[in-house]
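In UniProt numbering, the protein residues as written are 1 to 736.
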């Protein structure tokens, strides 16, 4: 097996894949228990300021693996050198962010290494600010183990008080002393700070079961042989050399052999066992075929990077043919903006695409149009039925240069691009019509109106280009999901499978087109967001509606905006078509004022997701909160009230915000999406819609939320429900 060497001090004898799994699991560790954790941080001169800063960083990383809250994990810290100094007690900082910020501000003190005196301080004072004896106490000593006083007796007394002691080596530690400081079994309580993820894993692996909650399903603690090393200076015999010694006889000396020594720095080895938690990864089963590379996404998801010519499905199936029947026209930019090199790259891309997807019996018809100042269609849709003759026509295409009039080109192909002659005069060619725009230069004329005209004529638009034209492509397609952006010239060819999926999605639109769903958007319209950013949130809601089939039987959408008070723009049963929704969304008001998300969620619970306002029994219900994170402090309770009534709360936050607060509102990391900027919001739309659609497919409790009005009691039956009314009548107790 290969060996991972961390600064030459600790090595776990396992292959590189296992080391990667240990590190990945270490980043996901989260110990949640009633726990008092006290750090003893060595701030002596033998550590030095540089290693002291690394110790602070390590302590901060360990805090990431703890659920720091008033009723769960609390953290305190003592810096010791000649004397111990309490930096902060356990009851001072009760959130993870506050603890980490305080650790960052600790200043190196310097002095001798009096570890024993620090332990006596703990014995005398206890855990400063700690809770009662029923709470487990954990002492984490971060030191180089080079104490200048005796530590044996105080270390033994600390452990006799049932304090769990971890000894963490820093710099070039003296492992013998650290083993003496640590609790038994020492193999599970001695760690190395040089690799924070590995140490977090080791700490968690030891505490799991006895103190922390159990690991994720499938995760297990494994023992690996490991070796730790100490850098020591030793005296070494260099050899015997002739020297001159005195003699008893007067004025006489005699030659003799004398030993000569030299000092040498060596690494002394300490064999041990390292206990680490390893979790199964989605790529362990090697799901990607035909040379595809599996890329894990967390503990349970993955995606395959497929070689060109593969990717017929998510596992890189060998056949990549366009089984869907479409009329397909490539609209290729041949203006001066793309340059001759870019034009030749587009020709190569077209040939590679046709090789991959065009079979003998392919049901598609393909053509190619070129544009600059003018538009030409050198290869008409359906002109070639085999890839060989098609490629000869592609080779004959010439670069023209000129201006980039993308808008004009879209007008032209909408009118003239699909004039195919039917086989029989009385049979219309009713295949879906798809235009794939290939461009890498910004248009010199407007594109929005031309794109709308093309879409109104039933054309399905897909944009392919570099990140330079990302915004313009999104304007053309009207949907980021129909925009394919490549990062570099070679990456263009890697997008062939994605383009194939986009083309074939015209018959099977993605989203929740066939799923019944009651969906409410709660949009932060406060001063904290600001008018400009609010308009981007509005546009997100605007484009999201395209993923749903809006009518009484499938998807209903409500929109609530909020500042200090919530305001219903429209209820679930107000609009029954996409066009009506569009007009209403465009009229949404910006409120200003401070943000109060808790009021908005209570409003949705009591005045939006109700039978009176159009909510349907037996239909999944989702609330999507779009916010910058302001005014969320009191929103956890109403969010839980919604969840208790079968309504999912999905939080999308843009910018810097307190993750712990948001996580309590969302209820799970699966329903919290953190986006760095408003400009990036559109690129997360696929992920958000996908999560909403997953929820739309989950089983429904017909009595949640309660469909019965006026305090009626909902009683479940096999596949149905009934309302038990008190003083009221009707199926839902609606009549007096």
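C-beta atoms are modelled at their ideal positions from N, C-alpha and C, and glycine is treated no differently.
In the DSSP annotation of this structure, the continuous segment of the beta strand (DSSP E) that includes residue 40 starts and ends at 35-42. If you compare the alpha carbons of 707, 184, 29, 44 with that of residue 79, the shortest gap goes to 44. For residue 407, the enclosing alpha helix (DSSP H) starts and ends at 406-416. In terms of Cα proximity to residue 587, the closest of 561, 594, 227 is 561. Residue 619 is not a Cβ neighbour of residue 467, given a cutoff of 7 Å. Closest in alpha carbon position to residue 679, among 599, 735, 536, is 536. Going by beta carbons, residue 326 and residue 434 fall inside the 7 Å limit.
Under the rule that a run must span 4 or more residues, the alpha helix (DSSP H) segments found entirely inside the region 534-595 read 578-586. The beta carbon of residue 665 is closer than 7 Å to those of 632, 635, 636, 639, 649, 651 in its chain, skipping five residues each way along the sequence.
Under DSSP, residue 391 shares a beta bridge with no residue. Here residue 25 has 201, 219, 276, 277, 278, 279 as same chain residues with Cβ atoms under 8 Å from its own Cβ, once five neighbours each way along the sequence are excluded.
Shown here for residue 243: same chain residues with a beta carbon closer than 8 Å to its own, the five before and five after excluded, namely 255, 256, 257, 258 in chain order.
Judged by DSSP in its simplified three-state form, residue 674 adopts strand.
When DSSP reads this structure, residue 653 sits in a beta bridge with 627, 674.
Here DSSP, grouped into helix, strand and coil, assigns residue 226 to strand. Within the same chain, Cβ atoms closer than 6 Å to the Cβ of residue 270 are found at 175, 228, the five residues on either side in sequence being excluded. If you draw a straight line from the Cα of residue 660 to the Cα of residue 681, it comes to about 21 Å. Excluding residues up to 5 positions away in sequence, 629, 632, 651, 653, 672 lie with their Cβ nearer than 7 Å to the Cβ of residue 662 in the same chain. Looking at the DSSP output, residue 169 shares a beta bridge with 143, 192. If you draw a straight line from the Cα of residue 196 to the Cα of residue 72, it is about 22 Å long. About 6 Å separates the beta carbon of residue 703 from that of residue 716, a gap short enough to meet the 8 Å contact definition.
Of the candidates 617, 729, 415, 693, 617 places its Cα closest to the Cα of residue 706.
Taking each of 332, 340, 391 in turn and checking the Cα distance to residue 357, the smallest one comes out for 391. Taking 7 Å as the cut-off, the beta carbon of residue 67 is found no closer than this to the beta carbon of residue 34. Note that the region 586-600 touches the region 529-546; at least 3 beta-carbon pairs, one per stretch, sit closer than 8 Å. Contiguous alpha helix (DSSP H) elements confined to the region 424-485 occur at 448-456, 470-477, taking only those with 4 or more residues.
For residue 50, the enclosing alpha helix (DSSP H) covers residues 48-64. A distance below 7 Å separates the beta carbons of residue 87 and residue 106. Residue 604 sits in a helix when the DSSP states are folded into three classes. Residue 572 is a Cβ neighbour of residue 558, given a cutoff of 7 Å. Between the region 332-346 and the region 377-395 there are fewer than three inter-stretch CB-CB distances shorter than 8 Å, so the stretches are not counted as touching.
Counting C-beta atoms within 10 angstroms of its own C-beta, residue 473 has 16 or more neighbours from the protein chains shown and is therefore classed as buried. When C-beta atoms of the region 50-63 are compared with those of the region 150-157, fewer than three pairs fall below 8 Å, so the two segments do not count as touching. Boundaries of the beta strand (DSSP E) harbouring residue 75: 73-80, taken from the DSSP string. Under the three-state reduction of DSSP output, residue 22 falls in the helix class.
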